[in-house]
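Asker: In short: position in the sequence shown from 1, add 52, done, that's this note's numbering. Just so you know, even glycine gets a beta-carbon here, dropped at the ideal spot from N, CA and C. The structure displayed is predicted, hence computed values, not measured ones. Below: one structure in structure tokens.
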Amino acid sequence: MAPWPEVEKPETNNYIEDSSRQNQNMSGKEGENHKGNAMASLGNKGEIQPAFSTIALIDETRQEEEDPWALPELQDTGVKWSELDRKGKIMRVLYGIGKFIMLLGLLYLFVCSLDVLSSAFQLVGGKAAGDIFQDDSVLSNPVAGLVIGVLVTVMVQSSSTSSSIVVSMVSSTLLSVRSAIPIIMGANIGTSVTNTIVALMQAGDRNEFRRAFAGATIHDFFNWLSVFALLPIEVVSGYLFHLTNVIVDSFRLESGDDAPELLKVITDPFTKLIIELDKSVIKAIATNNEAARNKSLIKIWCVTKTNVTLQNVTIPPSENCTSPDLCWTEGNTTWALKNVTETENIMKCRHLFADADLPDFAIGLILLALSLLVLCSCLVTIVKLLNSVLKGQVASVIKKTINTDFPPPFTWLAGYLAMLAGAGMTFVVQSSSVFTSAITPLVGIGVISIERSYPLTLGANIGTTTTAILAALASPGNTLKYALQIALCHFFFNISGIILFYPVPCTRLPIRMSKTLGNVTAKYRWFAIFYLLICFFLLPLFVFALSLAGWPVLLGVCLPLSALFIAVIVINIMQSRRPDSLPEKLQNWDFLPLWMRSLEPWDNVIMASLAFCGKYCCGFCKCCKVNVEQEGANDKQLKTMEVYENTIAMADDDRGGRRAPSAACGEKTGTNNTAL
53 MAPWPEVEKP ETNNYIEDSS RQNQNMSGKE GENHKGNAMA SLGNKGEIQP
103 AFSTIALIDE TRQEEEDPWA LPELQDTGVK WSELDRKGKI MRVLYGIGKF
153 IMLLGLLYLF VCSLDVLSSA FQLVGGKAAG DIFQDDSVLS NPVAGLVIGV
203 LVTVMVQSSS TSSSIVVSMV SSTLLSVRSA IPIIMGANIG TSVTNTIVAL
253 MQAGDRNEFR RAFAGATIHD FFNWLSVFAL LPIEVVSGYL FHLTNVIVDS
303 FRLESGDDAP ELLKVITDPF TKLIIELDKS VIKAIATNNE AARNKSLIKI
353 WCVTKTNVTL QNVTIPPSEN CTSPDLCWTE GNTTWALKNV TETENIMKCR
403 HLFADADLPD FAIGLILLAL SLLVLCSCLV TIVKLLNSVL KGQVASVIKK
453 TINTDFPPPF TWLAGYLAML AGAGMTFVVQ SSSVFTSAIT PLVGIGVISI
503 ERSYPLTLGA NIGTTTTAIL AALASPGNTL KYALQIALCH FFFNISGIIL
553 FYPVPCTRLP IRMSKTLGNV TAKYRWFAIF YLLICFFLLP LFVFALSLAG
603 WPVLLGVCLP LSALFIAVIV INIMQSRRPD SLPEKLQNWD FLPLWMRSLE
653 PWDNVIMASL AFCGKYCCGF CKCCKVNVEQ EGANDKQLKT MEVYENTIAM
703 ADDDRGGRRA PSAACGEKTG TNNTAL
């Protein structure tokens with residue numbers, strides 16, 4: 053359908069003839085003017101005059117398809133440094149210093165909000181996470197252990213917390229090391245949910261969201277692919293268990309000092325003013341300590357003193373006395389000397405909720421809302437600040453430094469150096485979630501490419517395992533061996549995944565998968581939330597529910613679904629590469645209903661639901677309608693300007709199928725009759 057319904061057959065030659073007639077009239081009026089005669093002669097040849105057209109008839113750059121993954125040029129729109137006077141130069145330097153200080157402050161608040169977010173998740177679901185670890189029969193199932201690791205890490209927002217729970221259970225002989233390995237794999241997946249949530253904050257700009265969400269989910273895809281490849285090998289051979297067992301047995305281990313916490317030294321003074329948690333309660337629940345169920349996770353007393361005294365206590369007559377000197381009987385009562393431990397509370401904590409008379413769940417919800425608000429505000433401000441700072445030469449230098457490869461034959465070396473940089477930065481900040489969440493907005497605005505963010509993310513995976521190894525070396529003597537072995541399992545699992553999915557370029561599947569998902573979420577932004585819910589909540593819960601029913605039910609449901617999923621992937625690959633090898637019906641998916649092969653019907657339903665909700669709940673549609681009308685007016689004004697500058701360019705542009713802004717809300721607007 054023609055974009056201009058009032059004009060059935062727009063003849064561009066008529067416009068040229070009108071232009072030539074106008075030129076002829078001008079030349080007739082001027083008479084002997086040589087310039088007018090030249091313009092008239094050009095008009096007779098049917099050419100558009102430069103005086104009446106400032107737009108090229110054929111814009112080759114518009115015809116070329118733009119690459120949505122190309123890094124944008126952040127051009128400096130301000131006044132050049134050489135054109136500034138002394139006062140302007142001083143003000144620009146002061147502005148730059150102020151922006152840098154503001155950026156550091158925002159990063160500090162960003163990291164602190166991640167810490168508070170983790171505490172909020174632990175308050176909301178910490179005790180439930182401890183309950184999940186209690187069913188020994190389920191934990192012996194490697195698939196169930198995997199999804200438990202995912203769920204618990206998502207609930208407590210910390211892989212180090214879930215790993216410490218596993219170490220406590222192993223040291224208490226409630227769980228074997230071999231059964232703990234799938235849980236550690238699941239924790240590796242669950243920790244990547246944080247930067248995926250952070251990527252949602254850049255949904256305002258379509259291309260930024262495309263790059264940011266792909267940069268965040270590249271971590272997810274690497275972890276999932278590593279699990280799919282290595283978990284069956286571990287179940288069959290136990291290579292991680294045997295390798296780490298040999299390494300641990302070859303060392304004479306001694307308990308050391310506490311592991312260094314570089315970032316905590318900076319953030320703890322602020323976060324401890326908001327909330328402090330007693331994480332030993334979750335560990336106690338996981339180790340079947342019934343007394344811990346009635347305890348609060350919120351720490352009330354920060355300074356305590358433990359006194360151990362030798363007291364006379366009565367014991368049941370059936371209990372054997374260890375020594376006649378420590379045990380005696382008086383009538384029907386048996387006395388014994390025992391060490392009694394008493395805890396004396398000295399100083400209360402100073403955080404906001406030390407005296408709050410609220411349950412843990414309510415405080416967790418309050419902190420969850422506040423931390424998400426601060427997180428979103430900091431992220432949006434950081435992105436705007438980076439966009440204002442990273443312009444012109446500064447942006448080009450940073451992009452060249454981060455994204456440039458070495459000359460051949462050392463091109464491969466740049467990725468491994470980026471991996472080392474990611475590992476080092478993660479070791480400094482003591483958290484892979486913090487590092488990957490920090491580089492996500494940089495990927496979104498185009499400073500870091502997707503190809504370079506991949507080795508940085510892999511380095512973050514290695515860096516967080518080295519932190520866990522140092523923490524394990526500082527464990528008490530009774531848990532030292534198990535803590536170190538589990539930390540080494542985590543380390544070699546990530547190393548194995550890197551060997552599988554990085555050295556050979558054709559095996560870097562997470563890059564292609566994340567770009568595909570980025571394209572989908574850029575077109576249908578609601579799909580990002582759908583992906584988040586499916587991968588980190590609904591799918592693990594579904595598999596966990598099946599594992600509770602036993603192996604027969606789990607295999608009977610998961611095997612057919614897995615086979616169907618693999619078959620769809622294989623058919624899609626063959627459709628794109630060798631469609632002739634497939635039966636005629638399978639060469640495309642047209643035989644399926646539209647809702648099974650396209651997201652468009654789902655998008656229509658969701659958009660209609662949001663419009664209905666906005667119309668009757670928050671007046672969203674009215675605001676949307678005003679914005680659409682403004683955009684439509686701007687577009688009409690733009691078309692009018694293009695008509696008077698260059699009619700053919702406008703006609704070609706309309707034939708190219710320019711999409712009106714009102715199409716996004718499903719409304720039809722009238723055409724601009726005055727433009728013609």
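Less than 7 Å between the CB of F152 and some heavy atom of the ligand ZN, yes or no?
Answerer: Looking at this structure, you won't find the ligand ZN or any other ligand, since it has none at all.
Asker: Take L646 and list the residues in its own chain whose beta-carbon comes closer than 6 Å to its own, dropping the five residues that flank it on each side.
Answerer: P653
Asker: Does E342 come out as helix, strand or coil in the three-state DSSP assignment?
Answerer: helix
Asker: If we ignore side chains and look at the alpha-carbon of each, how far apart do T573 and I217 end up?
Answerer: 35 Å
Asker: Secondary structure at W641, three-state DSSP: helix, strand or coil?
Answerer: coil
Asker: Inspect the beta-carbon positions of Q627 and L634 and report whether they are closer than 8 Å.
Answerer: Contact: yes.
Asker: Could you have a look at C430 and say whether DSSP puts it in helix, strand or coil?
Answerer: helix
Asker: Looking at the unbroken alpha helix (DSSP H) that takes in K575, where does it start and where does it end?
Answerer: 561-575
Asker: To the nearest angstrom, report how far apart W603 and V622 are at their CA atoms.
Answerer: 27 Å
Asker: Out of K139, L158, D119, V195, which has the shortest C-alpha to C-alpha gap to L611?
Answerer: V195
Asker: Evaluate S483 with the Cβ neighbour count: other Cβ atoms within 10 Å of its Cβ, from every protein chain shown; 16 or more gives buried, anything less gives exposed.
Answerer: buried
Asker: Contact defined as beta carbons within less than 8 Å: I believe C541 pairs with I153. What is the distance between those atoms, to the nearest angstrom?
Answerer: Wrong, their Cβ atoms sit about 42 Å apart, outside the cutoff.
Asker: Quick test of your reading: Y506 and R560, contact by CB under 8 Å. State the CB separation rounded to the nearest angstrom.
Answerer: Yes, Y506 and R560 are in contact; Cβ-Cβ is about 7 Å, under 8 Å.
Asker: For L175 versus L325, is the C-beta distance shorter than 8 Å?
Answerer: no
Asker: Taking the alpha-carbon positions, what's the L161 to D167 distance?
Answerer: 10 Å
Asker: Going by CA-CA distance only, name the one from I334, K351, I350 that's closest to A737.
Answerer: Residue 737 lies beyond the stretch modelled for the chain, which goes from 53 to 728, so this question has no answer here.
Asker: Could you tell me whether the region 220-229 touches the region 458-468, using the rule of 3 or more Cβ pairs below 8 Å?
Answerer: no
Asker: In three-state terms, what does DSSP make of E135?
Answerer: helix
Asker: Terminal residues of the continuous alpha helix (DSSP H) containing E328?
Answerer: First-last for E328: undefined, no H or E at that position.
Asker: Let me make sure I understand the geometry here. Which of S192, A663, K575 has the alpha-carbon closest to that of E260?
Answerer: K575
Asker: Would the beta-carbon of T518 fall within 8 Å of that of N546?
Answerer: No.
Asker: Evaluate E328 with the Cβ neighbour count: other Cβ atoms within 10 Å of its Cβ, from every protein chain shown; 16 or more gives buried, anything less gives exposed.
Answerer: buried
Asker: Count the CB pairs spanning the region 583-593 and the region 190-210 that are closer than 8 Å, and state whether there are at least three.
Answerer: yes
Asker: Rounding to the nearest angstrom, what Cα-Cα distance links A264 and A251 in this structure?
Answerer: 5 Å
Asker: From P321, G474, L584, S244, pick the residue whose C-alpha is nearest to that of Q729; which is it?
Answerer: Because the chain in this structure spans residues 53 to 728, residue 729 falls outside the shown range and cannot be described.
Asker: In angstroms, rounded to a whole number, what distance separates the CA positions of V435 and I450?
Answerer: 16 Å
Asker: Using DSSP's beta-bridge definition, name the partner residues of I350.
Answerer: DSSP, once it has assigned bridges, lists L329 as partnering I350.
Asker: Taking 8 Å as the cut-off, decide whether the C-beta atoms of L662 and A281 are in contact.
Answerer: Not closer than 8 Å, so no.
Asker: Specify, as a first and last residue, the run of the alpha helix (DSSP H) that T246 falls within.
Answerer: 245-251
Asker: On the DSSP bridge assignment, give the partners of V8 in chain order.
Answerer: Given a span of 53 to 728 for the chain in the structure shown, any question on residue 8 remains unanswerable.
Asker: Does DSSP put V355 in a helix, in a strand, or in coil?
Answerer: strand
Asker: Please classify K97 as buried or exposed, where buried requires at least 16 other C-beta atoms within 10 Å of its C-beta.
Answerer: Because the pLDDT at K97 is just 46, under 50, the model does not fix this residue reliably, and the value given afterwards should be weighed accordingly. The Cβ neighbour count for K97, taken over all protein chains shown within 10 Å, is under 16; the residue is labelled exposed.
Asker: Of the choices S212, F544, R630, whose alpha-carbon is the least far from that of G290?
Answerer: With distances taken between Cα atoms, G290 lies closest to F544.
Asker: Using three-state DSSP, classify I581 as helix, strand or coil.
Answerer: helix
Asker: Between the C-alpha atoms of V392 and C354, what's the straight-line distance to the nearest angstrom?
Answerer: 22 Å
Asker: Take D457 and list the residues in its own chain whose beta-carbon comes closer than 7 Å to its own, dropping the five residues that flank it on each side.
Answerer: T463, A466
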